[in-house]
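Remarks on the structure that follows.
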Amino acid sequence: IFSVMMANIVDVGKCDKKGYDLAELSIPTCRGKSNGNYCYPFHSNKIIQCSGGTMFVLNCQSGLEYNCRLDRCEYRGTRGNCRGPAMKQCRFDRNCRA
128 IFSVMMANIV
138 DVGKCDKKGY
148 DLAELSIPTC
158 RGKSNGNYCY
168 PFHSNKIIQC
178 SGGTMFVLNC
188 QSGLEYNCRL
198 DRCEYRGTRG
208 NCRGPAMKQC
218 RFDRNCRA
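All you need for our numbering is the position in the sequence shown, starting with 1, plus 127.
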């Protein structure tokens, strides 16, 4: 199983069954990213904080998701909650960008 997973991460030019580029499915990193909060890809209940290239992962309480617009954890389904495969950065004006 491990070798299959590694093959998927390394083979950047292929897509998974849902059509996402497998490069997007690899482990997130703060290398080369601006300081700030980011949506954690595919895990709406997690927050990535980047500081000087170092990544810190925080979890929302059970039943809550990180909301980029409000910069806090909110109930599921709230407008602005993080979704999908992208590691989106939350800007100071509280809008998300890819």
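Where a beta carbon is used, it is the ideal one built from N, C-alpha and C, also for glycine.
Model, not experiment: these values are computed from the prediction.
- Sequence-distant partners of G163 (beyond 5 residues in either direction) whose C-beta falls short of 7 Å from its own C-beta, in its chain, are C177, Q216 and C217.
- Assigned with DSSP and collapsed to three states, S171 falls in coil, not helix or strand.
- Taking the Cβ atoms as the reference, S171 lies roughly 6 Å from R210, within the contact range of under 8 Å.
- Taking C-alpha positions only, L185 is separated from K173 by approximately 6 Å.
- T181 carries a strand assignment under DSSP once its states are collapsed to helix, strand and coil.
- Exclusion of the five residues before and after C187 leaves N172, Y193 and C200 as the residues of its chain whose Cβ lies within less than 6 Å of its Cβ.
- Beta-bridge annotation (DSSP): G163 is paired with C177.
- Taking 8 Å as the upper bound for CB-CB distance, R158 and G180 are in contact here, some 6 Å apart.
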